[in-house]
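Residue numbers (this note's numbering): 49 to 128.
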């Protein structure tokens, strides 16, 4: 087996070992940990998408001189 053929196998084994070790530290099974990881990524992506979609409307609202005092800005709504 060449290095090129072996590299993906080694990387996959390293990733599996990392996931197992990280899950164990968190007191979760590997499946539970990976499910939580995927869900966290999905939620982060959804929030980023929502912020991107809301930005033009917010900017237009602000440009039209509509009130923003005592309101929330995009960072407060979609920030961490």
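Backbone N, C-alpha and C define an ideal beta-carbon position, used for all residues, glycine too.
Given the structure is predicted, the values throughout are model-derived calculations rather than measurements.
### Task
Ignoring anything shorter than 4 residues or poking outside the stretch 67-107, list the alpha helix (DSSP H) runs there in chain order.
none
### Task
Spell out a yes or no on whether the stretch 98-109 and the stretch 120-128 are touching, meaning 3 or more CB-CB pairs, one atom from each, closer than 8 angstroms.
yes
### Message
Assuming the contact rule is C-beta atoms closer than 8 angstroms, residue 67 and residue 81 should be a hit. Round their C-beta distance to whole Å, please.
### Response
Residue 67 sits at position 19 when you count from the first residue of the chain shown. Residue 81 sits at position 33 when you count from the first residue of the chain shown. About 6 angstroms; that satisfies the 8 angstroms criterion.
### Query
Can you tell me whether DSSP reads residue 63 as helix, strand or coil?
The sequence position of residue 63 within the chain shown is 15, counting from 1. Under the three-state reduction of DSSP output, residue 63 falls in the helix class.
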